[in-house]
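Residue numbers (my numbering): 17 to 911.
Okay, here's the thing in structure tokens:
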């Protein structure tokens, strides 16, 4: 609550007869030259200035921002709201429920644990594509979803009634980020504070890294770990350094053959190469006003793929038109316009802000592209896709036989869709999925038109391709039906399978058993093509080794082609009714026809009718039994929702932090280890530690569901930590998957979980060694929670991705970095050493040391010493670490 007004910034703004209290940005010297995103942060500090955590000096530092300086000023950002999806949101609500009990045990009032900022959860990550290619696929998939997730959904319904300011969008309504831009985002927030109606910029943090999609609307927001989101809900500001801001100038127009997806893959490649981790990216220039809102949202969505904290567009007439189209009230639109203009948040292309770094893209130079086979930033021009596939294939299928151009292993498979030959490169999954593209009518209608053109030429998808259409909102189906394109999509087997984050999160569902068997027995390197944002190893489907991102029309093109070993320019997709070859260029959609269909098929009423009842849910949701009470009645037999052990034995004052001695290496990992590698979100087998646990608790393998759906059960999640089928632990030679050497047992190979439990029993602390970009990917709180619960006390890497580093601190794990230019290999560390880390105790004196001393003793007697950089970057993070984690810190401060 603001008690200080050092800059006399408080004022009133009248809009259509209503008066709002505002905090004027222009009262701060230097504000006029700031980039849009920093103006939003400046207003946030003005409004929350309290003289202690947020002072006049912080506000001045932002006004005097030096674009060329490296970030060194810490500020406390208070987001206006929190948005969650159910995979990451369920553990948040589990933790809040557990905190209520802990408060009661420490003698406090459990109702003190309540969201202080509006929190909204969209249940979108639990639908799995079990059924596809039939008209009733969506109903059957939703029935199965409720059977699998009934316990979780009952728990969330309890949360909706037990907590104030917490709303749940039930399953089957859409994908969180699409629902956010189409309905939940306010752009300008209003809230009554001390009897006065206040207006301020909509800002948000979300428990999913693609929260940045809302940046397309001019809403500053980004993904945080579930741990940080819980703290934000409980009124804790997000600690951050004033960032560098990269100005990205857009000019020109997208050429006819290219799509918004191609633009995004191009920008992703450019920004990854430039290096934007920890920075804001802001789009500016004359070309911005020509970028449709859907394209802005698509670009914002991919911010985690290029590594920036946010990727934002300013507010302008395009924003207002979108608000009008999506059914926002005229009062809200008038407020957004008046407030944005008053606060200099309205886009004025004539005024060029000052940025830290500059980039530019002429949209006219964009060409059709895909990205893969395992990273979103590895863009491939479509014209070179076949030769790039051939170059990448040896990494997955070995070297070709003598005299052959590439490895080949054709296998005949017979399913109820006929007999066919499968080989390396076969497209086993083609999925139009994920918020990235399904929120963008230009690419979705283009996919429908391509389907229509294919049907007219007599083409259909290949029988070995698992095809699926999972829109991000029901509005998509509305305009598909109105335009007649849905029947064309269905004619080539693209039926709606659900409304949720399906293939992109690993919920692609199983392949046909015969196809799966053939792939496994013959070690085939088959491929998936999806219109998503993530294609990391092991993520999409356990049978699929190579994953490619593509625009929705190209997803369909690859379903028609059936193989990644295909050149669209020279190879026909098939023959028409007269026996003539049909090439992709013959059926590629005409952009003018696409735009005409959009204009004729999409209207405001579609958005209004779908979103007026967004919180109601269907009869499945309404018929769920809902538990009552301020605290949750845990079910001892539940394998989905269990009370976690974070607060067991917790005292009001924390114990002093200690140095780490006698530690062993749990894993030694290479570069680009993602949070998918650390905390997998896909399916798992019965012979894994998680599978064994569920089997012992009476769960049949067919009912395992996914790791993501069981995030409310720490027992499953600890066993899934570092258990990704593609992770490579360098303590073992040539072994993939969640295994390590157990030095309590003579260095024998063991599952990571089993070894960690043996170390815990022996009182041995653990460390993890890593390379560059450790922890990139989704904002997975379980990557940090699982690490901590396995007994890991420190992680030592070359560099970190932003969210995972802060999450480790939030769970009481010390993030360290090797000295500049060094890594485990250059220091001669093989992971068999015993480690001690000294100098950590300086934190007890309120000092965060810049480095700590690491000593590694090899069994041969050789000793390696180095000074590791301490990556506790802010005083707030030091407080969290001293308390053993962020939740313990919040709990103690509330009691």
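Glycine included, C-beta positions come from ideal geometry on N, C-alpha and C.
- Inside the region 535–588, DSSP marks whole beta strand (DSSP E) runs of 3 or more residues at positions 543–546, 562–565, from first to last along the chain.
- Excluding sequence positions up to five before and after residue 98, its CB lies within less than 8 Å of the CB of 131, 133, 134, 135, 136, 220, 221, 222, 223, 245, 248, 249, all in the same chain and listed in chain order.
- Pairing residue 235 with residue 37, the inter-Cα distance amounts to about 20 Å.
- Here the alpha carbon of residue 387 sits roughly 15 Å from the alpha carbon of residue 319.
- Under the three-pair Cβ rule at 8 Å, the region 73–87 does not count as touching the region 205–215.
- For residue 213, the uninterrupted beta strand (DSSP E) run begins and ends at 212–217, by DSSP.
- Closest in alpha carbon position to residue 825, among 650, 339, 904, is 904.
- Judged by pairs of C-beta atoms under 8 Å, the region 446–456 touches the region 484–502, as three or more such pairs exist.
- Going by beta carbons, residue 370 and residue 324 fall outside the 7 Å limit.
- Only residues of its own chain outside the window of five on either side were considered, and among them 287, 290, 292, 295, 296, 297, 298, 324, 371, 372, 373, 374, 375 have a CB closer than 8 Å to the CB of residue 262, listed in chain order.
- Between residue 888 and the set 538, 859, 908, the nearest pair of CA atoms involves 859.
- Residue 659 carries a coil assignment under DSSP once its states are collapsed to helix, strand and coil.
- Judged by DSSP secondary structure, residue 249 falls within the alpha helix (DSSP H) whose first and last residues are 242–249.
- DSSP, reduced to helix, strand and coil, places residue 831 within a strand of the structure shown.
- Among the bridge pairs identified by DSSP, residue 27 is matched with 38.
- When the alpha-carbon of residue 398 is set against those of 585, 655, 606, the nearest one is in 585.
- The way I'd put it, the region 550–559 does touch the region 682–700; three or more beta-carbon pairs between them come closer than 8 Å.
- Nearest to residue 758 by C-alpha distance, out of 427, 744, 741, 782, is 782.
- Residue environment: residue 357 is assigned as exposed (fewer than 16 neighbouring CB atoms within 10 Å of its CB, all protein chains considered).
- In the DSSP assignment, residue 257 falls within the beta strand (DSSP E) that extends over 254–257.
- For residue 396, no alpha helix (DSSP H) run applies; the uninterrupted beta strand (DSSP E) run containing it begins and ends at 395–397, by DSSP.
- Here DSSP, grouped into helix, strand and coil, assigns residue 495 to helix.
- Ranked by Cα distance from residue 359, the first of 873, 51, 21 is 51.
- Boundaries of the alpha helix (DSSP H) around residue 115: 102–121.
- In this structure, the alpha-carbon of residue 799 lies about 30 Å from that of residue 535.
- Per DSSP, residue 458 is one residue of the alpha helix (DSSP H) stretching across 457–472.
- With a beta-carbon spacing of about 7 Å, residue 561 and residue 542 fall inside the 8 Å limit used to define contacts.
- Within the region 295–322, the runs of alpha helix (DSSP H) that reach at least 4 residues and sit entirely inside it are, in chain order, 309–317, 319–322.
- Within the region 319–382, the complete alpha helix (DSSP H) runs of at least 4 residues fall at 319–322, 333–341, 346–358.
- The beta-carbon separation of residue 793 and residue 687, rounded to 13 Å, does not stay under the 8 Å limit for a contact.
- Across the set 599, 58, 731, 911, the C-alpha of 58 shows the shortest separation from the C-alpha of residue 259.
- Closest option to residue 545, judged by alpha-carbon separation, among 539, 575, 532, 522: 575.
- Under the DSSP assignment, residue 610 falls outside any beta strand (DSSP E), being part of the alpha helix (DSSP H) whose first and last residues are 607–617.
- With contact defined as three or more Cβ pairs closer than 8 Å, the region 739–759 and the region 651–660 are not in contact.
- Under the three-state reduction of DSSP output, residue 194 falls in the helix class.
- At a Cβ-Cβ threshold of 7 Å, residue 257 and residue 65 do not count as neighbours.
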